[in-house]
Structures are given as structure tokens and as C-alpha cells.
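Protein chains in written order, with this note's numbering: chain A, 1 to 136; chain B, 1001 to 1136.
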């Protein structure tokens, strides 16, 4: 059953940037991010109230909120640059190139959080770097 | 210029999970997504209001706004199935598997949006996706 959900996730996340690219035709990418975020924020706001999650959010400790707000702010900045790139480039190039961000997370995790490094990760880096070089 | 934007996207998107990971130790992912999305929406509402871009945003063509609405909704629906998959299966299987989504975007971009196709580009996307899968 989980593969059914995995398949749906892949299809939906794969389709989403296609609509982003079509929307970015002749409009300001930053304002496009604003509209997209307002839509997502409104949907999540409704979700929170329908499923009575407001109490859960109210009970979050300050540290978790600060961490989520920081993550969200970085993510938002990333989105603005992603939309700027997507507005001027091909979706078939920008989306896979931007999707390589876990490599940067991995490097930070290795350097700062002292996470382990393996041969598998080295092979992954070689694949990603070669892929990015080829997509240029 | 687009590679500067891609680089900045990777930098900010790469940083965000470092904070998410710490916060998600005690918090449910759906709550985390809610906080993140609502915060992003608030920031962008304030941005639009304080930069005097309300008029521009309101006058966006309906077609473009619809595409952004579809993209945001489709992406959130993807999150829903992603969390469903995570509850049914192991994260070690689900997280790498969903990394295939840029390949779906590239295929749609080649086949439906008429973006230029080459074996080199397709190989690059496959290499990047394989690398991301191996990285997890």
C-alpha cells in the first residue's frame, strides 16, 4: 500500500512545478511566491481549524516554533530564488538542479552535526555533480 | 544568472532541513508543515502590503493565479500522501523513493511543454535522481 502513496506523491510533486512554470509566464516571480504561499498557508490554516490542531500548535514549545520559523524563512528565501530561476529557465533543467539541495544538507550535517560519511554518499555526490554538469 | 539563483536555492533549501530535523524530534510532521506554511503566508502577506504591491498582485491574470493555486494545492496533496506513505512504510524506503519526482517534471516538460529534449539532458536528470536516492 505504501508504494501506492509513494507513487501519488511522486506524480503530484512532479506535476506541481509544471503549473509553477506555466504561471511564471510574464509575472513577477516574488509576487508569484507570495500568491503560492498565501494559498498554501490558507489551506493549512483551514486544516488546522477543521482538524482541531490549533491546540497542538498552541502547546508547541518556543524552541520548536523558533526552529520551524527559521526553517520556513530559509525555505521561503530558497523559493524566491527557485521561482526566479524557473521564470527564466527550462523546468526540465531547473527542477532537477534545485532538487540537489539534500547534497548541501548532507555536507552541513557532516561538517556541523558530525553525521557519518559513507562510500554510498561519495557515489551519490559523484552522480549528482556529474548530473548537474551534464544538465548545464 | 540562473545558476546563481539555483545556487542560492540549494543553499537556503539545504539549510532549512537542518532546523526541521531538530524540531521534528518532538513534533508531528503535519503540525510542522502547518506552522511552516502559515508562517510563510504571513511573511509574504506582510511583504505584499509593505512594498505596495497589492494592486499588482490583485491584477495578476486569472490564468496565472489559477496555476499557482493548482500548484500549491497539488504540492500539499503530495505532502498528504507522503505522510500516509511514511505511516505505512519505513522512512528509509519512502524518503529516497519520492526523490524521483524531478524525473516526472522533466518528462512532462519534454512531452507536454515542448522543452528541448536530448539524451544528455535525460541522462543528467537520471544521474541527479539516482544520486539523491543514494544520498538518503
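Backbone N, C-alpha and C fix where the C-beta goes; we use that ideal spot for every residue, glycine too.
Going by DSSP, residue 1093 of chain B is part of the alpha helix (DSSP H) stretching over 1091 to 1098. Look at residue 1061 of chain B here: in three-state DSSP terms it is coil, with no helix or strand label.
Scanning its chain for C-beta atoms nearer than 7 Å, with the 5 sequence neighbours on each side dropped, one finds around residue 97 of chain A the residues 132, 135, in chain order. If you look at residue 28 of chain A, you'll find it isn't in any alpha helix (DSSP H); DSSP assigns it neither H nor E.
Nearest to residue 1010 of chain B by C-alpha distance, out of A:105, A:119, A:113, is A:105. The Cβ of residue 1123 of chain B sits closer than 8 Å to at least one Cβ of chain A. At a cut-off of 8 Å, the C-beta of residue 92 of chain A has a neighbouring C-beta in chain B. For residue 84 of chain A, the enclosing alpha helix (DSSP H) covers residues 62 to 88. With contact defined as three or more Cβ pairs closer than 8 Å, the stretch 1105 to 1116 of chain B and the stretch 83 to 97 of chain A are in contact.
At a beta-carbon threshold of 7 Å, the residues of chain A lying near residue 1032 of chain B are 68, ordered along the chain. In terms of Cα proximity to residue 19 of chain A, the closest of B:1024, B:1013, B:1074, B:1131 is B:1074. Annotated three-state conformation of residue 1027 of chain B is coil, per DSSP. Residue 6 of chain A sits buried, since 16 or more C-beta atoms from the chains shown fall within 10 Å of its C-beta. Inter-segment contact for the stretch 1091 to 1098 of chain B and the stretch 73 to 90 of chain A is absent: fewer than three beta-carbon pairs are separated by less than 8 Å.
Here the alpha carbons of residue 1047 of chain B and residue 1067 of chain B stand approximately 21 Å from one another. Within chain B, no residue has its CB atom less than 7 Å from the CB of residue 115 of chain A, the nearest being about 10 Å off. Within the stretch 1038 to 1051 of chain B, the residues whose Cβ lies closer than 8 Å to some Cβ of chain A are 1038, 1039, 1040, 1041, 1042, 1043, 1044, 1045, 1047, 1048, listed in chain order. Contact annotation: residue 1032 of chain B and residue 1023 of chain B have beta-carbon atoms nearer than 8 Å.
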